[in-house]
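Let me begin by presenting the structure, written as structure tokens, before commenting on it.
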Amino acid sequence: MKDDDMVVVHTAGNSQGSSSRQQQQQAVAPQPQQPHRSQVELDPEMIRLQVLGDPQLQTQLRESNPELWDARNDSEKFNEIFKEMQRQKREAEMEKQREIVCLCS
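Here my numbering is used: position 4 in the sequence shown is 4, and no number is missing along the way.
Have a look at this one:
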């Protein structure tokens, strides 16, 4: 993971009554630069709780995004920082698309 990468956590439930650890599938990866992904709204609180419950995610977040790591115990601050990161990412993607359109014109 690199600076400015986002942590994405995917969870899947199992109706068989397995332990919560087995029910969670987690992926931590950089966000792809696909325009349709920017329309997906991630739940900052769900991600914060996942990070708090997983030492490996904690390590990755601490290394990749210290500002978000520092806010992990404050739900409101984490939400604010996370949403601002999403906004900045969307703006950067839109600017990149505008540049591509200008180059292709």
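Idealized CB from N, CA, C, for every residue including glycine.
Being a predicted model, the structure only gives us computed values, none of them experimental.
| Check | Outcome |
| --- | --- |
| Contact between the region 94 to 104 and the region 47 to 66 (3+ Cβ pairs under 8 Å) | no |
| Coil, strand or helix - arginine 90 by DSSP | helix |
| Rounded distance between the beta-carbons of arginine 72 and phenylalanine 78, thought under 8 Å | 6 Å |
| Cβ neighbours of leucine 45 in the same chain (closer than 7 Å, five flanking residues each side left out) | According to the sequence displayed, residue 45 carries glutamate and not leucine. Ser75, Asn79. |
| Cβ neighbour criterion (16 or more within 10 Å) applied to leucine 68 | buried |
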